[in-house]
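What follows is a set of notes on a single structure, which appears directly below.
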Amino acid sequence: METAAETKMDGDGTAACPIGRSNRKNSNPRCCTQPMSDPDWHEDATIYSLDIKTFNDSDGDGWGDFRGAIEKLDYLDELGVDALWVRPFYPSPLRDNGYDVADYRGVDERLGTLDDFRAFAEGAHERDIRVLTDLVFNHTSNEHEWFQRAREDPESEYHDYYLWTSHLDDAHQRGNIFPEYEDGVWSYDEVAEKHYFHQFYGHQPDLNVANPAVREELYDVLRFWLDQGVDGFRIDAAHPMLMSKGHNATTLDETDLGDSIELFKEMRRVVEAEQDDAVLLAEADDEPEHLDYYFGDGEAFHLQFNFVMNAHLTYAVGVKDTWPLQRAEEILPDVEEDGTWVNFLRNHDEWNLLKLPEEAFEHAREYFGDDAGDSWIFERGHRLRLADLYGGDPDRIALAHSLLFALPGSVALQSGDEIGMGADLDLPEREAVRTPMQWDDSRNGGFSTAAPEDCYNPVVDDGEYAYDRVNVAAQRDDPDSLYSRVEELVAARQACPEIARGDYRALDADHKETRVHRFDDAETDANADETVLLCAHNLADEYREEVVGFDVDPDTVERIVGDGDYHVADGGVTFRLDSCDYVWLRGEKR
1 METAAETKMD GDGTAACPIG RSNRKNSNPR CCTQPMSDPD WHEDATIYSL
51 DIKTFNDSDG DGWGDFRGAI EKLDYLDELG VDALWVRPFY PSPLRDNGYD
101 VADYRGVDER LGTLDDFRAF AEGAHERDIR VLTDLVFNHT SNEHEWFQRA
151 REDPESEYHD YYLWTSHLDD AHQRGNIFPE YEDGVWSYDE VAEKHYFHQF
201 YGHQPDLNVA NPAVREELYD VLRFWLDQGV DGFRIDAAHP MLMSKGHNAT
251 TLDETDLGDS IELFKEMRRV VEAEQDDAVL LAEADDEPEH LDYYFGDGEA
301 FHLQFNFVMN AHLTYAVGVK DTWPLQRAEE ILPDVEEDGT WVNFLRNHDE
351 WNLLKLPEEA FEHAREYFGD DAGDSWIFER GHRLRLADLY GGDPDRIALA
401 HSLLFALPGS VALQSGDEIG MGADLDLPER EAVRTPMQWD DSRNGGFSTA
451 APEDCYNPVV DDGEYAYDRV NVAAQRDDPD SLYSRVEELV AARQACPEIA
501 RGDYRALDAD HKETRVHRFD DAETDANADE TVLLCAHNLA DEYREEVVGF
551 DVDPDTVERI VGDGDYHVAD GGVTFRLDSC DYVWLRGEKR
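Residue numbers (the UniProt record's numbering): 1 to 590.
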């Protein structure tokens, strides 16, 4: 490598990278039943999302379970994640992947027992990994005891746990979240002889969260799971929880629940009273101008999924242009003092494109869709995994992950994206992106020894994403694999406190396909030299060269991660990047 200041070299003549297996988080795990208390841990965390039902089956019945997840904790530790977001595992009729909860305080017997959950949480804590659970407080299953009592007795206290009307008129009408499957937000219950309100499926009646008795029930659920070893909660559907339920308001501007944010503020007070570093993570897919509301001036949610950045970042990498990144940063509110974004590339739902401008929305619908049009759902997104969106190109998938990890905030990874798993469009709705984890090339991809037809969802077994081609075992020891590159990026992020606490800004670039941004003055050791971190990415299919200022001592420049070539001269750096190249550099200020 040509450079005015020679970078550190390994014995084989390649530039040394400070990120190696011996440096990673799991090289010195703390053995304890609870991670060390750190109220700020969530500001710079890598959160791994998994569904127990499809992660690992320990008893051969075709369903993942907590004992199976315990068997894979060493894998998660090696990957280097800081926290696990465990999707719903409660007793449920499973008509919506467990987001139709029938009992908030139990474990579905098909997935294990409460003791199994506690053992899972303790095993995670022994590896210094925190555990966040999914709580669905907007609605319950219609099989929940509360709803059954509510429909049977209009005089019961539980009747007011939900919203009912005997007469529907235009003031009650509004669109449902699932317009392809539900005609509206009211369904008739023959036992109650009334209509009940539901923003999701008809089998998911909305809770009346304005009712103080309901709020107390929810606070008790938080306390219960904190007692079981949980470190925080993802609150599902936070946006619908704040809506003016039962009426025709469709935005926060129209809501008549003036104290609605107080619900989330009280939730925070409850969890912090029990555990000072427990956190609340909001799923709030709302308009950009409303998003700071969910942080409540630093008194409500600690974390919030960044759906705006998700739509724009994933789109940008696919269309090979950086303007979507610039637009996302322009329209997002400044929340630095109030909370932390959780950035992500894909999740377990459809890739929602509604935050894109209209022209880009229409382009993304066609550009990323499958030839048959089967991937489009709910008139808003694609039921495809990340690898599908990028044609299975591991270099582009790795590039997307580098951009993700190089953004301020925390990071969420969808299980299986680290190895490039694909969707199964033969499955209904969003189940297409919820297939079992592919561990190796044995039966059912190592997920289960059951007959394939007995698995909760079938493992992808044909095509370019079949488990005999895409699996953990095939990639784990290959230094050039997608898994290894994602693992390196997790470690790189942990080695760069500048990203969470430094001053961030994007730099002007000569090419629309190149993105360079920097972080200054990490708030680390007061005696340490001030540093600059530069992160450069080439989204193009061709070579690109970019020159930017780099006001550091050339002798201190080191490569943190990435294979991109660079040349450091006095006061600047030239990046020489092949297609999908990325590189992070750090230097000490003069």
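Even for Gly, the Cβ is constructed at its ideal location relative to N, Cα and C.
Under 9 angstroms between C-beta atoms of Tyr-161 and Leu-222: no
4-residue-minimum alpha helix (DSSP H) runs that sit fully inside the segment 346-404, ordered along the chain: 358-367 and 386-389
Neighbourhood of Val-547 by C-beta, 7 angstroms cutoff - its chain only, sequence neighbours within 5 removed: Gly-572 and Thr-574
Extent of the continuous alpha helix (DSSP H) run through residue 591: This structure gives no information on residue 591, because the portion of the chain shown stretches from 1 to 590.
Proximity to Trp-439 [Cα-Cα], best of Leu-404, Arg-469, Glu-453 and Asp-426: Arg-469
Alpha-carbon to alpha-carbon, Phe-197 and Cys-32: With a pLDDT of 40 at Cys-32, under the threshold of 50, the predicted position of this residue should be treated as unreliable, and no value is reported.
Contact under 9 angstroms by Cβ, Leu-325 with His-401: no
Span separating the alpha-carbon of Met-241 from that of Arg-559: 45 angstroms
CB contact flag (Gly-339, Gly-298, <9 angstroms): yes
His-195, DSSP secondary structure in three states: strand
Exposure of Pro-452, with buried meaning 16 or more beta-carbon neighbours within 10 Å: exposed
Unbroken alpha helix (DSSP H) run spanning Gln-414, endpoints: Looking at the DSSP string, Gln-414 is not in any alpha helix (DSSP H); the run it does join, the beta strand (DSSP E), is 410-414.
Own chain, CB closer than 8 angstroms to Gln-275, minus 5 neighbours either side, in chain order: Leu-226 and Asp-231
Same chain only: Cβ atoms within 6 angstroms of Ser-166, ignoring 5 sequence neighbours per side: Lys-194
Tyr-162, DSSP secondary structure in three states: strand
Endpoints, the alpha helix (DSSP H) within which His-239 is located: 238-242
The segment 453-464 contacting the segment 414-423, beta-carbon criterion three pairs below 8 angstroms: yes
Helix, strand or coil at Gly-123 [DSSP, three-state]: helix
Entirely enclosed beta strand (DSSP E) segments - the segment 483-536, minimum 3 residues: 503-506 and 514-520
For His-203: DSSP bridge partner residues: Paired residues: none, contrary to the question.
Contacting residues, own chain, Cβ-Cβ under 7 angstroms from Arg-590 (five flanking each side not counted): Asp-551, Val-552 and Asp-553
Presumed contact (8 angstroms Cβ cut-off) between Arg-268 and Trp-85, rounded CB distance: The pair is not a contact, with the Cβ atoms about 18 angstroms apart (cut-off 8 angstroms).
Collapsed DSSP secondary structure at Gln-475 in the structure displayed: helix
Inter-residue spacing [alpha-carbon to alpha-carbon] between His-42 and Asp-277: 9 angstroms
Beta-ladder partner(s) of Ile-235, from DSSP: Leu-135 and Ala-282
Straight-line Cα distance separating Asp-61 from Glu-289: 47 angstroms
Beta-carbon spacing of Arg-174, His-159 below 9 angstroms: no
Cβ-based burial, Arg-586 [other Cβ within 10 Å; buried from 16]: buried
Where Asn-444 sits in the DSSP three-state scheme: helix
CA-to-CA distance, Glu-366 to Phe-120, given in whole angstroms: 42 angstroms
For Met-437 and Thr-54, believed in contact at Cβ under 8 angstroms, the rounded distance: 6 angstroms
Short Cβ contact (9 angstroms threshold) for Phe-137 with Ala-237: yes
Contact between the segment 470-478 and the segment 96-105 (3+ Cβ pairs under 8 angstroms): no
Exposure of Asp-183, with buried meaning 16 or more beta-carbon neighbours within 10 Å: exposed
Neighbour-count burial assignment, Ala-569, 16 or more Cβ in a 10 Å radius: exposed
CB contact flag (Tyr-543, Asp-578, <9 angstroms): yes
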